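Following: one structure in structure tokens, then a few remarks.
Protein chains: 2
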Amino acid sequence: MAASGRPTVRDIAKHAGVSVATVSRVTRQDPKVAPPTRERVQASIDALGYTPSALGLSLAYQRYHTLGIVLPGLGGPYFAELVQGVESVAVDAGIAVNVLGTHFRPDAGRSVQQLAQRTDALVVQGGTADEDFLAELAQTMPIVLVAATSDRLTTVRTDGRAAAREVTTHLLEAHGYRRLRFLGSPNGSPDPTSRYLGFRDALADHGIAEAGGPLEYGFEAEYGAMAARELHASGDLPDALVCANDELAFGVMATLPGLGRSIPGDMAIVGFDDNSLAGLASPTLTTVHQPTFELGATAARIALEATGEPGAARLPLPPDDRVLETRAVIRESCGCPA
Amino acid sequence: MAASGRPTVRDIAKHAGVSVATVSRVTRQDPKVAPPTRERVQASIDALGYTPSALGLSLAYQRYHTLGIVLPGLGGPYFAELVQGVESVAVDAGIAVNVLGTHFRPDAGRSVQQLAQRTDALVVQGGTADEDFLAELAQTMPIVLVAATSDRLTTVRTDGRAAAREVTTHLLEAHGYRRLRFLGSPNGSPDPTSRYLGFRDALADHGIAEAGGPLEYGFEAEYGAMAARELHASGDLPDALVCANDELAFGVMATLPGLGRSIPGDMAIVGFDDNSLAGLASPTLTTVHQPTFELGATAARIALEATGEPGAARLPLPPDDRVLETRAVIRESCGCPA
DNA sequence: GTGCGTGATGTAACCGGTTACATCAAGCCG
DNA sequence: CGGCTTGATGTAACCGGTTACATCACGCAC
């Protein structure tokens, strides 16, 4: 055995008086080893405390046993849950998970490139990497895009547009609101953008004009608070506000009452994502439930499946689009009774 | 070049008409290459689109360029922020981050073992892995324990006990509350436990008995809601409730007013962690700010530093204890004016 | 007894890098 | 001119596994 460090196949081979091939056969449970030999080798393995090096295995199999996930960062419950979905599938398959947060850094492409070189497959949140770049990379390895559409890549997403349309339609038809606005910047990633489009779809369906452009803010609660103050100061509250996510809605709900405006009395509000706090806020928040965990899990499953067995090539995934169901969760903040 | 896949050093060597050693010298920017040769090799590298394989590099240097982080899961903002701290340090160093969620699975030890084999160093959240096991593993590689104490391992933590004592003392001295209870199960990980101990320290300082044992619940908002209902049903609200984290406090704050009990009028409440929603809730939540991101970043820095340069051995870290500052954030929920 | 099939095991190449050491040519000096 | 130094480059071993193929002993059939 090397002076320091773990024993290798060759150490075991020497110790048991066999060849490395035989040791390898034992560790891989290859049946073509005579029982007495097997026992002798196993004894040496136990005696020296040998476990095959992950590096050696990776080298031989050309498999990293690692799945990469690329997202903007881990801020907010959405991404955390997504990662949990990916992670749960990965651990069951004995695969490690490499997390890369791009934080919209300019050199994110290079980081993704690097990550791609140490993983068997990639799960990428939409909007975090250039699509051309990903499409090229997808020639080499399985890549699954989450929460985005693409005609060149495999995507897993929810139909945020349809969901936004559904919940907006509820505001229009069940409550008769006519002056509606959208909170959240639709210029960034695919998710907020499609939600905004669904919001506009519903308005268009009813021949109603938007009561003002989207309120372009980031996606954290503080921005919701800022938006609430701005709306209040303008003296011109819409009938209802559709928020790009629940955090924004919480920010508004926490601020508006303090300014003397009640929810949903003076303005109704709906969120998106069904945050774990949504059912506890007062009023309880009407929102859209997304199977975020499933989104991650499904993406991971597709990616790992395409990775295939050690022998096989890592298949490039054909373009495909898997759409998971959303569900409008009607609570009180839209104006419905408890 | 192999029929499929990326070119290797040997492909470049053949293409440029030099040896692999020279190619290696060029990629590593070794100055001992004559300029004309360097240019010729570089031209081949560009022509074939060569980048050194991460696997080959790992094998040669015995470094994975990967940092592992072990935690129960990614539920709640605390862990997400911790990972972000780790991740930010890692990407700056060109190091990948491997996340392992144990979810308190019985076979977590084996997963950690595996993770340890594919990483250069480990950051472990306290309570997720057996300390004996970690101590042994720490002979082999740098391990940093987060949010825990140990006399055998390097730890990075905040003094949750002192912080809990401080905020509890505020409840006792500034407001004169006498009947205090703690919400959250102190039987699990080190963090909740030390918070509970600090809570009891403050009571002991003032010669006051706990108004009832700790309310043993999990750490999500729903449990806070359950606890609120239980307290209300018992008809015996304490003067003040110290919660193991902010989510629990949110759960209580969302539920109690609906039962006709006001906060802080009928019962004061304080949380822990300074969640991003804490300043927005109504009343705003008095809590303890923890430098969670810094916790992760510091742990990662220590771990990576111990990993050392490619040549050097991965040093086992000597036992050490780094304590980061907490800060009580006094808001309204304890009874203080806005 | 010879030839052949079969099962167990060993040998050596391979995966993709790095690097100690060998080699070699050129320049310099006495 | 011979020997030494120096700088550039090549050779081959090594990191730790797997595996195609070779080898060998044994048993069986003819």
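Going down the list, the sequences are from chains A and B.
Counting from 40, one number per residue, gives the positions in the first sequence under the working numbering.
Counting from 40, one number per residue, gives the positions in the second sequence under the working numbering.
From the three backbone atoms N, C-alpha and C, an ideal C-beta is built for every residue, glycine too.
Because the structure is a prediction, the values reported are computed rather than measured.
Span of the alpha helix (DSSP H) around residue i
i       : result
A93(A)  : 93-100
P54(A)  : Checking the displayed sequence, the identity of residue 54(A) turns out to be His instead of Pro. Run containing H54(A): 48-55, per the alpha helix (DSSP H) assignment.
R361(A) : Premise fails: R361(A) lies in the beta strand (DSSP E), 359-363, not in any alpha helix (DSSP H).
H271(A) : 260-273
H104(A) : That residue, H104(A), is in no alpha helix (DSSP H); it is neither H nor E in DSSP.
R200(B) : 199-212
A320(A) : No alpha helix (DSSP H) contains A320(A), which DSSP labels as neither H nor E.
I308(B) : Careful: I308(B) lies outside any alpha helix (DSSP H), inside the beta strand (DSSP E) at 307-309.
L121(A) : 116-131
L87(A)  : 74-87
Nearest to residue i (by Cα), restricted to the options the options
i       : options                            : result
V62(A)  : R45(A), Q81(A), P75(A)             : Q81(A)
P303(A) : A283(A), D190(A), V291(A)          : V291(A)
D85(B)  : Q68(B), S301(B), A55(B), K71(B)    : A55(B)
F221(B) : R361(B), V151(B), N284(B), N314(B) : N284(B)
A187(A) : P74(A), S150(A), S233(A), L161(A)  : S233(A)
V362(B) : S189(B), G44(B), L161(B)           : S189(B)
I247(A) : A99(A), G223(A), F238(A)           : F238(A)
M180(B) : R366(B), V162(B), R79(B)           : V162(B)
P357(B) : P225(B), V65(B), L184(B), A243(B)  : L184(B)
G374(A) : A213(A), D275(A), D169(A), V48(A)  : A213(A)
V109(B) : T294(B), T365(B), H142(B), K71(B)  : H142(B)
A267(B) : A243(B), T294(B), H328(B)          : T294(B)
A93(A)  : N226(B), Q152(B), G166(B), D359(B) : Q152(B)
V368(A) : P330(A), T90(A), T193(A)           : P330(A)
Contact belief for residue i with residue j at Cβ below 8 Å, rounded distance in angstroms
i       : j       : result
A260(B) : R218(B) : Not confirmed; about 24 Å, so no contact.
G148(A) : L113(A) : Contact doesn't hold; Cβ gap of about 20 Å is too wide.
Q178(B) : G335(B) : At roughly 24 Å, the Cβ-Cβ gap does not stay under 8 Å, so Q178(B) and G335(B) are not in contact.
A130(B) : T337(B) : Rather than Ala, the amino acid found at residue 130(B) in this sequence is Val. Rounded, the Cβ-Cβ distance is 16 Å, inconsistent with contact.
D312(A) : Y117(A) : 6 Å
P322(A) : E371(A) : 4 Å
G263(B) : C282(B) : 7 Å
R191(A) : A168(A) : With 8 Å as the limit, R191(A) and A168(A) do not qualify as a contact, their Cβ atoms being about 13 Å apart.
A202(A) : L176(A) : Not really, about 30 Å apart at Cβ, beyond 8 Å.
Close Cβ partners of residue i (< 7 Å) along its chain, the five nearest in sequence each way excluded
i       : result
T158(B) : Y103, T105, L106, G107, N137
E126(B) : V136
Y216(A) : L210, D278, A279, A307
D241(A) : Note on residue identity: the sequence assigns Ala, not Asp, to residue 241(A). Only R204, T207, T208, L211 meet the Cβ criterion.
V59(B)  : V48, R49, A52
H245(B) : L211
F332(A) : E120, Q123, G124
V72(B)  : T61, R64, V65
F172(A) : G148
D360(A) : T188, T194
Residues near residue i by beta carbon distance below 8 Å, same chain, minus five either side
i       : result
S97(B)  : Y103, H104
M265(B) : Y256, G290
A160(B) : L106, G107, M180, P181, I182, V183, A342, L343, A345, T346, R353
G115(B) : F258, E259, N284, E286
S273(A) : none
S315(B) : P116
G88(A)  : R45, P46
Extent of the continuous beta strand (DSSP E) run through residue i
i       : result
V185(B) : 182-185
Q164(B) : 160-164
T326(B) : 326-328
F238(B) : Segment 229-244 is the alpha helix (DSSP H) holding F238(B); no beta strand (DSSP E) there.
L219(A) : 219-222
A367(B) : 366-368
L343(A) : Counting along the chain, L343(A) falls outside any beta strand (DSSP E), though it belongs to the alpha helix (DSSP H) covering 331-346.
P140(B) : Sequence check: residue 140(B) is Gly here, not Pro. Residues 135-140.
Cβ shell of residue i (< 6 Å), same chain only, five flanking positions each side left out
i       : result
A132(B) : L343
G310(B) : C282, D285, A288, L324, T326
M40(A)  : Any reading at M40(A) must be qualified, since the residue scores a pLDDT of 39, below 50, and its modelled position is unreliable; the value itself is stated next. For M40(A), where only same-chain residues beyond five positions count, the Cβ hits under 6 Å are P46, D50.
D198(A) : V362
Exercise. Along the stretch 279-291 of chain A, what residues have a CB closer than 9 Å to any CB found in chain B?
Worked result: E286, F289, G290
For this session: Determine which residues of the stretch 255-274 of chain A have a Cβ less than 7 Å from any Cβ of chain B, and write them out in chain order.
Result: E259, A260, A264
Problem set entry | Where the stretch 294-316 of chain A meets chain B: residues whose CB sits under 9 Å from a CB there | T294, P296, G297, S315, L316
Exercise. Closer than 7 Å, Cβ to any Cβ of chain A: which residues of the stretch 146-167 of chain B, in chain order?
Worked result: S150, L154, Q156, R157
Exercise. Taking any Cβ of chain A, which residues in the stretch 92-105 of chain B have a Cβ under 9 Å from it, in chain order?
Worked result: S92, A93, L94, G95, S97, L98, Q101, Y103, H104, T105
Exercise. Listed in chain order, which residues of the stretch 122-138 of chain A have Cβ atoms closer than 9 Å to some Cβ of chain B?
Worked result: V122, Q123, E126, S127, V130, G133, A135, V136, N137, V138
Problem set entry | Selection of the stretch 319-339 of chain B by Cβ proximity to chain A, strictly under 7 Å | L319, A320, S321
Problem set entry | Residues, ordered as in the chain, of the stretch 204-233 of chain B that lie near chain A by beta-carbon distance below 8 Å | none
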